[in-house]
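Undergrad:
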DNA sequence: AATGAATGAGATTTCATTCAT
DNA sequence: CATGAATGAAATCTCATTCAT
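Protein chains in written order, with my numbering: chain A, 1 to 200; chain H, 1001 to 1200; chain W, 2001 to 2200; chain X, 3001 to 3200.
What follows is the structure, given as structure tokens:
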């Protein structure tokens, strides 16, 4: 339904510039500050030009969210293609630089139906992708575990990782190092690694 | 320091009414929607009356956040006083009704310095309180574990719980039941419960 | 017409406190800032109490203006009673501390009819009082001057004095020292002083 | 530095219309009344349009002040180019229509730092310009005077002129005619005019 | 492809004033 | 004497959006 609304070439440099400005404001000042006016000011463009490319605010927000998703996909693929996919996945999940945008987008999703749908669908796909990879790496071992499943593991890692990033942003640190050590140890056990990487 | 700003008795019914309206809007429409106008409309009051009780928007937000914290504290104490504190704690953490407000407040904290400070301090206290209780219940056993600590366990439960609530709100469910089952099983093992409660 | 409006004893300490606060705000922040709320805050009182003593803002403004007039009268009498009344008068006119309030009151008078009437009447009286004193001191000599009169001299001194203070407040200084020297020299000549005080 | 804030062409008719309305309100009701709402109403425009051209109230006030300065400059140049520059200058200084705006702007300057800076700089320039002209006309004679200088004379005329206008606005007239006569006589003497213009 | 102009809505805040106690 | 509660008006500013060029 949003297809017919797009104006301006998909590949336009100006378009990219606007999205980049929106992203920057999003991360630095929160979703509430991502107004077309502010985005225009940040990009050094006139407000009307922003509306020329993105008729409604939602159009801009969606474009931004999609770009973020594409980047997330790339990062995920790169992690899953690493020699030790599980560790790479965990590192991705505690990467605060990526998480700032993701978190803010999630907050936004709570209030924009269109965004919510996009985020939800994308999260589904990402989890499924992770499940595939985890199955590939740990399939045999998980079959032996009485309760742990690949989807469950994916969610657990995501939850703990996000908590570390979120609380870190708020300046909370109690238990952080302990939890991270426990995860690394646990992942070491799961992969049958008899010599887990020492704590960093 | 913000105390002197308060106008209107702490115990005023109107005051409580305003905070309740703000809370409702907060949960239903997000922190961005909690404007004085909207809060007033929701409470059936005039906007100026809201400003009479809460000179600035931040004053209102802070009052709301503090009320939420007081309630959280009560819930936590009740959980920790239960026969099986760990299970009660876990149930508290996946209670979506409480989490909705907490999550939204957390998002708000990212953009309001005053709120951030409050939330951060409160989270510290809550975690410390949980650590105390966990130590009391699992102290001996944790000493035997090579990596798990009480603070780490507290954070892990919080992270997984919050992920379940947050994703649930977005309509994402993959891995949820699996992760919850794993946590219950894990907690059962930690408490040495040979007969864990069946899945709910 | 304003008589019946006064509430609270004329001599009340609280009353004086309110007027003092209003004066301070007037001088520091200008007449636009002299709202009952701000005055109350400055005096450490509740806004309603200010309204209890001064039912309308104008009542407060009038009281303040009258207090300033009474003080001005005292200063003037003291100056006119000095050994060299003309010099004392001139010093009064370039006294910036008194002028700040007077100037701001004048600005206010432009927009409050009641104040305008008061100020106008008071200025009339003050000029008449000065004229009397000047006549007493310079009567004989002025009769010899082809154009200078006591009222004229009073106004000229007031005008130059006020310009020095006003421009001084804006940071303008060109010609200030020269003009002041000229006035002192002129007054010396007028009083027949063959040995005018050296420039200070 | 404030240049980048301007929105709307410098030459826009609407822009000029807004400034004109602000000026009128300024003169008639004082600087305190020059709110965007009132200005808009006076100009027959919507308040938001005023903000479109002048994002902040200060922007509008500055634009108005600058326009007034440009006009003052023109009047001054015209006066200084007259056959009898001193008399023309004096007439300019007692021109109440021009002075009303200038006075009000001065009052405003006391409370707006940006305006104060502008006014101060402009007054400096105007005084310097007058000094130049006075030097040209009276140079030789002033060299003979023991105390009078061109900057001093400029300030003295400004002070007396402004007092006449200001007090006239308040309805005060004592000494006015006398002072004006004295100034004319004095200027006649200074220019060596043996036949000063009769009183108007 | 871009932009200046315009507008209605709404947000935040301050204000003077009234009233009941 | 004093105060808490309430209210309508207004001020400043931001916003998304539309339209004509």
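For every residue, glycine included, the Cβ atom is placed at its ideal position computed from N, Cα and C.
Please confirm whether residue 2136(W) has its beta-carbon closer than 8 Å to some beta-carbon of chain X.
TA: Within the third chain, residue 2136(W) is the residue found at index 136, counting from 1. It does not; no Cβ of chain X falls within 8 Å.
Undergrad: Are the beta-carbon atoms belonging to residue 163(A) and residue 1155(H) less than 8 Å from one another?
TA: Here residue 163(A) corresponds to residue number 163 of the first chain, with the count starting at 1. Here residue 1155(H) corresponds to residue number 155 of the second chain, with the count starting at 1. Less than 8 Å separates the beta-carbon of residue 163(A) from that of residue 1155(H).
Undergrad: Report yes if the C-beta distance between residue 3065(X) and residue 2170(W) is below 8 Å; otherwise report no.
TA: Taking the first residue of the fourth chain as 1, we reach residue 3065(X) at position 65. Taking the first residue of the third chain as 1, we reach residue 2170(W) at position 170. Cβ atoms of residue 3065(X) and residue 2170(W): not closer than 8 Å.
Undergrad: Does any C-beta atom of chain W lie closer than 8 Å to the C-beta of residue 3078(X)?
TA: Within the fourth chain, numbered from 1, the residue matching residue 3078(X) stands at position 78. Residue-level contact check: residue 3078(X) does not touch chain W, since none of the beta carbons of chain W fall below 8 Å from its beta carbon.
Undergrad: Does DSSP classify residue 1134(H) as helix, strand or coil?
TA: Taking the second chain and counting its residues from 1, the one referred to as residue 1134(H) is at position 134. Correct three-state label for residue 1134(H): helix.
Undergrad: Output needed in chain order: residues of the segment 103–124 of chain A with a Cβ under 9 Å from some Cβ in chain H.
TA: 103, 104, 106, 107, 108, 109, 110, 111, 116, 117, 119, 120, 123 and 124
Undergrad: How about residue 2104(W) and residue 2026(W): do their beta carbons lie closer than 8 Å?
TA: For the purposes of this step, residue 2104(W) is taken as residue 104 along the third chain, with counting starting at 1. For the purposes of this step, residue 2026(W) is taken as residue 26 along the third chain, with counting starting at 1. Yes. Within cutoff.
Undergrad: Does the beta carbon of residue 2092(W) sit closer than 8 Å to a beta carbon anywhere in chain X?
TA: Taking the first residue of the third chain as position 1, residue 2092(W) is located at position 92. With 8 Å as the cut-off, residue 2092(W) does not count as an interface residue toward chain X.
Undergrad: State the start and end residues of the unbroken alpha helix (DSSP H) segment that holds residue 2111(W).
TA: By 1-based counting over the third chain, the position of residue 2111(W) is 111. Element bounds for residue 2111(W): n/a, residue is neither H nor E.
Undergrad: Apply the 10 Å Cβ neighbour rule to residue 1069(H) and answer buried if 16 or more other Cβ atoms are within range, or exposed otherwise.
TA: Stepping through the second chain from its first residue, residue 1069(H) is reached at position 69. Answer is buried; the Cβ neighbour count reaches 16.
Undergrad: Taking Cβ to Cβ, would you say residue 161(A) is nearer than 8 Å to residue 1127(H)?
TA: Residue mapping note: residue 161(A) aligns to position 161 of the first chain, counting from 1. Residue mapping note: residue 1127(H) aligns to position 127 of the second chain, counting from 1. Result no, Cβ atoms of residue 161(A) and residue 1127(H) do not sit closer than 8 Å.
Undergrad: What number of angstroms, rounded off, separates the C-alpha of residue 46(A) from the C-alpha of residue 40(A)?
TA: By one-based count along the first chain, residue 46(A) stands at place 46. By one-based count along the first chain, residue 40(A) stands at place 40. Rounded to whole angstroms, residue 46(A) to residue 40(A) spans 6 Å at the Cα level.
Undergrad: When the Cα atoms are used, what is the spatial distance from residue 2032(W) to residue 2058(W)?
TA: As a first step, residue 2032(W) must be located in the third chain, where it is residue number 32. As a first step, residue 2058(W) must be located in the third chain, where it is residue number 58. Cα to Cα, the separation comes out at about 13 Å.
Undergrad: Taking Cβ to Cβ, would you say residue 2133(W) is nearer than 8 Å to residue 2080(W)?
TA: Taking the third chain and counting its residues from 1, one reaches residue 2133(W) at position 133. Taking the third chain and counting its residues from 1, one reaches residue 2080(W) at position 80. It is a contact, given that the beta carbons lie within the stated cut-off.
Undergrad: Locate the alpha helix (DSSP H) running through residue 2046(W), then write down its first and last residues.
TA: Here residue 2046(W) refers to the residue found at position 46 of the third chain. Counting along the chain, residue 2046(W) falls outside any alpha helix (DSSP H), and DSSP gives it neither H nor E.
Undergrad: In three-state terms, what does DSSP make of residue 2183(W)?
TA: On the third chain, position 183 is the one that residue 2183(W) refers to. DSSP places residue 2183(W) in helix when its eight states are reduced to three.
Undergrad: In the structure shown, what three-state DSSP assignment does residue 3022(X) receive?
TA: To locate residue 3022(X), count along the fourth chain from 1; it is residue 22. The DSSP-derived three-state label of residue 3022(X) is helix.
Undergrad: Which same chain residues end up closer than 7 Å to residue 1995(W) when comparing Cβ atoms and leaving out the 5 residues on each side of it in sequence?
TA: Residue 1995(W) cannot be examined here, being either before or after the span of chain W that is shown, 2001 to 2200.
Undergrad: Determine contact between the segment 3083–3091 of chain X and the segment 3106–3123 of chain X, defined as no fewer than three beta-carbon pairs at a distance below 8 Å.
TA: By the criterion of at least three beta-carbon pairs nearer than 8 Å, the segment 3083–3091 of chain X is not in contact with the segment 3106–3123 of chain X.
Undergrad: So within the segment 2068–2127 of chain W, which uninterrupted beta strand (DSSP E) runs reach at least 3 residues, ignoring any that extend past its ends?
TA: none
Undergrad: Taking Cβ to Cβ, would you say residue 3114(X) is nearer than 8 Å to residue 3060(X)?
TA: Along the fourth chain, one-based indexing puts residue 3114(X) at 114. Along the fourth chain, one-based indexing puts residue 3060(X) at 60. No. Outside cutoff.
Undergrad: Mind checking if residue 1085(H) is an interface residue toward chain A, Cβ cutoff 8 Å exclusive?
TA: As a working mapping, residue 1085(H) is identified with position 85 in the second chain. Chain A contact via Cβ: absent.
Undergrad: Evaluate residue 2078(W) with the Cβ neighbour count: other Cβ atoms within 10 Å of its Cβ, from every protein chain shown; 16 or more gives buried, anything less gives exposed.
TA: Position 78 of the third chain holds residue 2078(W). That one is exposed.
Undergrad: Thinking just about the alpha-carbon of each residue, which of 3054(X), 3030(X), 3111(X) and 3023(X) is nearest to the one in residue 3071(X)?
TA: The residue labelled residue 3071(X) in the question sits at position 71 within the fourth chain. Measuring from the Cα of residue 3071(X), the nearest candidate turns out to be 3023(X).
Undergrad: Which stretch, first to last residue, makes up the alpha helix (DSSP H) that contains residue 3165(X)?
TA: Here residue 3165(X) corresponds to residue number 165 of the fourth chain, with the count starting at 1. Taken as a continuous stretch (DSSP letters only), the alpha helix (DSSP H) holding residue 3165(X) covers 3150–3170.
Undergrad: Apply the 10 Å Cβ neighbour rule to residue 1082(H) and answer buried if 16 or more other Cβ atoms are within range, or exposed otherwise.
TA: For the purposes of this step, residue 1082(H) is identified with residue 82 of the second chain, where counting begins at 1. That one is exposed.
Undergrad: Going straight from the alpha carbon of residue 1130(H) to that of residue 167(A), what length do you get?
TA: As a working mapping, residue 1130(H) is identified with position 130 in the second chain. As a working mapping, residue 167(A) is identified with position 167 in the first chain. Distance from the CA atom of residue 1130(H) to the CA atom of residue 167(A), rounded to whole angstroms, is 16 Å.
Undergrad: Under three-state DSSP, which class holds residue 36(A)?
TA: Residue 36(A) sits at position 36 when you count from the first residue of the first chain. Under the three-state reduction of DSSP output, residue 36(A) falls in the helix class.
Undergrad: Using a C-beta cutoff of 8 Å, does residue 166(A) count as contacting chain H?
TA: Taking the first residue of the first chain as 1, we reach residue 166(A) at position 166. So yes, residue 166(A) belongs to the interface.
Undergrad: Is there at least one Cβ from chain W nearer than 8 Å to residue 3029(X)'s Cβ?
TA: Within the fourth chain, the letter at position 29 stands for residue 3029(X). Output row for residue 3029(X): interface = yes.
Undergrad: Look at the alpha carbon of residue 3048(X) and the alpha carbon of residue 2014(W), and state the distance between them as a whole number of angstroms.
TA: Here residue 3048(X) corresponds to residue number 48 of the fourth chain, with the count starting at 1. Here residue 2014(W) corresponds to residue number 14 of the third chain, with the count starting at 1. One C-alpha to the other measures close to 43 Å.
Undergrad: Measuring CA to CA, which of 173(A), 143(A) and 116(A) is closest to residue 190(A)?
TA: Reading the first chain from its first residue, position 190 is the one you call residue 190(A). If we check each option's Cα against that of residue 190(A), 143(A) comes out closest.
Undergrad: Would you say residue 57(A) lies against chain H (beta-carbon separation less than 8 Å)?
TA: Sequence index remark: in the first chain, residue 57(A) carries index 57 (1-based). With 8 Å as the cut-off, residue 57(A) does not count as an interface residue toward chain H.
Undergrad: Taking 8 Å as the CB-CB cut-off, is residue 2127(W) touching chain X?
TA: Here the question's residue 2127(W) lines up with position 127 in the third chain. Judged by the 8 Å Cβ criterion, residue 2127(W) is in contact with chain X.
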